[in-house]
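**Student:** A single structure is presented below for examination.
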Amino acid sequence: MDTGSSPKERVVTDQDAQNITRVEELAYELKISQVMTREIRSLTPDMNMGDVLDIFRSQRVSGAPVLVNGELAGILSIEDIIRALRAVDLASPVSKYMSSQVMTIHDYDPVIEALKVFVKSNYGRLPVVDENNKLVGIITKGDITRGLLNALQHVYHEEEVIRYRASHLFEDIISDRTSLILRYRIKHGDFTHGGNASANIKRALLRLGANPQIARRCGIAIYEAEMNLIIHTNNGGTIRVEIEPHQISLEAYDDGPGIPNIQLAMQPGYSTASEEVREKGFGAGMGLVNIKRCVDDMRLESSTISGTNLRLKIFLREKDAFADVSQQGKETKK
Amino acid sequence: MKIVELVKLVNGTVLVQGDRQDRDIKGGFGADLMSDVLASIQPDAVLLTGLCNPQVVRTAQVADVAAIVFVRGKNPPIETIRLADQEGIPLISSPYGMFELAGRLYKAGLPSFEKSVDPDCSCE
Numbered sequence: 001m002d003t004g005s006s007p008k009e010r011v012v013t014d015q016d017a018q019n020i021t022r023v024e025e026l027a028y029e030l031k032i033s034q035v036m037t038r039e040i041r042s043l044t045p046d047m048n049m050g051d052v053l054d055i056f057r058s059q060r061v062s063g064a065p066v067l068v069n070g071e072l073a074g075i076l077s078i079e080d081i082i083r084a085l086r087a088v089d090l091a092s093p094v095s096k097y098m099s100s101q102v103m104t105i106h107d108y109d110p111v112i113e114a115l116k117v118f119v120k121s122n123y124g125r126l127p128v129v130d131e132n133n134k135l136v137g138i139i140t141k142g143d144i145t146r147g148l149l150n151a152l153q154h155v156y157h158e159e160e161v162i163r164y165r166a167s168h169l170f171e172d173i174i175s176d177r178t179s180l181i182l183r184y185r186i187k188h189g190d191f192t193h194g195g196n197a198s199a200n201i202k203r204a205l206l207r208l209g210a211n212p213q214i215a216r217r218c219g220i221a222i223y224e225a226e227m228n229l230i231i232h233t234n235n236g237g238t239i240r241v242e243i244e245p246h247q248i249s250l251e252a253y254d255d256g257p258g259i260p261n262i263q264l265a266m267q268p269g270y271s272t273a274s275e276e277v278r279e280k281g282f283g284a285g286m287g288l289v290n291i292k293r294c295v296d297d298m299r300l301e302s303s304t305i306s307g308t309n310l311r312l313k314i315f316l317r318e319k320d321a322f323a324d325v326s327q328q329g330k331e332t333k334k
Numbered sequence: 335m336k337i338v339e340l341v342k343l344v345n346g347t348v349l350v351q352g353d354r355q356d357r358d359i360k361g362g363f364g365a366d367l368m369s370d371v372l373a374s375i376q377p378d379a380v381l382l383t384g385l386c387n388p389q390v391v392r393t394a395q396v397a398d399v400a401a402i403v404f405v406r407g408k409n410p411p412i413e414t415i416r417l418a419d420q421e422g423i424p425l426i427s428s429p430y431g432m433f434e435l436a437g438r439l440y441k442a443g444l445p446s447f448e449k450s451v452d453p454d455c456s457c458e
């Protein structure tokens, strides 16, 4: 068997080009105004280069816009100071060394626009102007990196907050029996969205603070049930999940055509799925078997008149419960 | 095994980076039938598959798959890529076939994360 290394050349496929990472997405979402530096250290054309050198050194900046009566007249970077140093010409005014053809960017543009300029040119910074072309800030690659990192942390933090709030739901709400009900309508033949409901249910359970093993078991069971509704029903069906501190009840029901022989349907490998469904990786006759494996209790009722009703239960042990169940028990016994 | 090592081993093209570059891939699994995956895959495995539709990503998400490798240089449709990007699951396309890939990963020390079928076993 020849497993020798083949050429490592990477061909950029259409998929590569269309693949947008979360950071890239943020670069499109974030506006320049959200990441730019607003406190601008500006210069005037008549300042001498020696003074600017001191300013750059003390303020730790590597470039600044040059203003005349508040209007942008040019930009001066550390490169320009190096040129002046080389020419032993620090006494000359800024106007001699600044670039007066300045590229600007609007504060309402997405960050990606600035990134494009930075990639194409050798500019280190861009003056930012508002819709009236008035200077409002300056943006550097460093600002963008910082902005993106902050935004990413924010996205992460948001999820944490949601999780924290959700996980306290059952403790914060007092009743004799609290439950949270989620309902999803599943369309027949909708393979494109197949699995969306189970994904959302799994996410909800994790946000509620469920043990990941439990969330996974529910996810797998519901996913198979969801695919069954998509593949085998006349008009689709409904998934209903009831979450209680001590148990999760899952229900999937439809209005037909029903399962003629449940015993046969429960047999591993038995399937009535079409070739088309099998090509999609389903219909292997393992769905109901998988479901049974994942839950503590499974009830399947079906008739060719009224359709199919699948009821599943997962019981939560004390350590996995969403709230202190023993407390609730005492309350109700009083 | 980290994603970077996996990409190198399978001579892969990264289609979706995924959320967690530092996630540890603990084992491997190969199947084209999603029910087989759901039936016996353990969490944190790499899934080798020839199936390219979005259901692969859904299956991966539900079953806590760490990364998906498409065999024989298959490129999934854009819906699959979008969903993977949204769910933060890495997608890699490899020029090798399923057998070759399984062999390479096994040789590199990645154990099988396919539980043998036991009618009485639970999902845990």
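Heads up: the sequence lines are chains A and B, in that order.
The opening position of the first sequence corresponds to residue 1 in this note's numbering, with each subsequent residue numbered one higher.
The opening position of the second sequence corresponds to residue 335 in this note's numbering, with each subsequent residue numbered one higher.
For every residue, glycine included, the Cβ atom is placed at its ideal position computed from N, Cα and C.
On a predicted model such as this, the values are computed, not experimentally measured, just so you know.
1) If you follow the alpha helix (DSSP H) that A/A84 is in, where does it begin and where does it stop?
2) According to DSSP, is A/A284 helix, strand or coil?
3) Exposed or buried, which one is A/H232 when buried takes at least 16 other CB atoms within 10 Å?
4) Note down, in chain order, all residues in the stretch 178–207 of chain A with a beta-carbon under 8 Å from any beta-carbon belonging to chain B.
5) Measure the alpha-carbon distance for A/N132 versus A/I248 and round it to whole angstroms.
6) How is the beta strand (DSSP E) around A/Q247 delimited, first residue to last?
7) How should A/S271 be labelled, buried or exposed, when 16 other C-beta atoms within 10 angstroms of its C-beta is the threshold for buried?
8) State the Cα-Cα distance for the pair A/K280 and B/A418, rounded to the nearest angstrom.
9) In the stretch 335–347 of chain B, which residues sit with their C-beta less than 7 Å from some C-beta in chain A, listed in chain order?
10) List the residues that DSSP assigns as beta-bridge partners of A/N48.
11) Please determine, among A/R299, A/R240, A/V295, A/N309, the residue with the shortest C-alpha to C-alpha distance to A/L316.
12) When burial is assigned at 16 or more other CB atoms within 10 Å of the CB, is A/N290 buried or exposed?
13) Just verifying my parser: in three-state terms, what is the DSSP assignment at A/R317?
14) For the stretch 277–295 of chain A, which residues have a CB atom closer than 9 Å to at least one CB atom of chain B, in sequence order?
15) Under three-state DSSP, which class holds A/G236?
16) Could you give the residue range of the beta strand (DSSP E) that holds B/G361?
17) Within 8 Å of any Cβ in chain C, is that where the Cβ of B/L372 sits?
18) If we count the other Cβ atoms within 10 Å of its Cβ and call it buried at 16 or more, is B/V338 buried or exposed?
19) Quick check on A/I162 - is its C-beta less than 8 Å from some C-beta in chain B?
20) In the DSSP assignment, find the unbroken alpha helix (DSSP H) run with B/M368 in it and report its ends.
21) Can you have a look at A/N122 and say buried or exposed, based on whether 16 or more other CB atoms are within 10 angstroms of its CB?
22) Helix, strand or coil: how does DSSP classify B/I423 here?
23) Note down the Cα distance separating B/V396 from B/L372, rounded to an integer number of angstroms.
24) Could you please give the first and the last residue of the uninterrupted alpha helix (DSSP H) stretch that includes A/M36?
25) Starting from A/V111, follow the alpha helix (DSSP H) in both directions and report where the run begins and ends.
26) Based on the DSSP secondary-structure assignment, which residues constitute the bridge partners of A/N133?
27) Using CA atoms only, rank isn't needed, just tell me which of A/V241, A/V35, A/G209 is closest to A/E226.
28) Give me the chain A residues within the contact set of B/A397, using Cβ-Cβ distance strictly less than 8 Å, ordered along the chain.
29) Looking at C-alpha atoms only, which residue of B/D356, B/K360, B/L381 is the closest neighbour of B/I426?
30) Using only CA atoms, which one of A/S274, A/A27, A/R278 lies nearest to A/I144?
31) So, using beta-carbon positions, are A/G63 and A/R125 closer together than 8 Å?
32) What are the residues in the stretch 24–49 of chain A lying within 7 Å of chain B by C-beta distance?
33) Looking at C-alpha atoms only, which residue of A/G194, A/T37, A/G285 is the closest neighbour of A/P127?
34) Decide if A/I105 is buried, meaning its Cβ has at least 16 other Cβ atoms within 10 Å, or exposed.
35) Between the stretch 340–348 of chain B and the stretch 398–411 of chain B, are three or more C-beta pairs nearer than 8 Å?
**Tutor:** By the coordinates alone:
1) 78–86
2) Collapsing the DSSP output to three states places A/A284 in coil.
3) Of the residues assessed, A/H232 falls on the buried side of the cut-off, its CB having 16 or more other CB atoms within 10 angstroms.
4) When C-beta distances to chain B are compared with 8 Å, the residues of the stretch 178–207 of chain A below that value are F191, T192, G194, G195, N196, S198, A199, K202, in chain order.
5) 58 Å
6) It spans 247–254 - the beta strand (DSSP E) in which A/Q247 sits, taken as one unbroken run.
7) buried
8) 17 Å
9) Contact residues of the stretch 335–347 of chain B toward chain A are N345, T347 (C-beta to C-beta distance below 7 Å).
10) A/P93
11) A/V295
12) buried
13) In the structure shown, A/R317 sits in coil (DSSP, three-state: anything other than H, G, I, E or B).
14) R278, E279, K280, G281, F282, G283, A284, G285, M286, G287, V289, N290, R293, C294, V295
15) coil
16) 361–364
17) As a matter of chain content, chain C is missing from the structure shown, whose protein chains are A and B.
18) exposed
19) no
20) 368–374
21) exposed
22) coil
23) 8 Å
24) That residue, A/M36, is in no alpha helix (DSSP H); it is neither H nor E in DSSP.
25) 111–120
26) DSSP, once it has assigned bridges, lists no residue as partnering A/N133.
27) A/V241
28) R216, G219, I220
29) B/L381
30) A/A27
31) yes
32) none
33) A/T37
34) buried
35) yes
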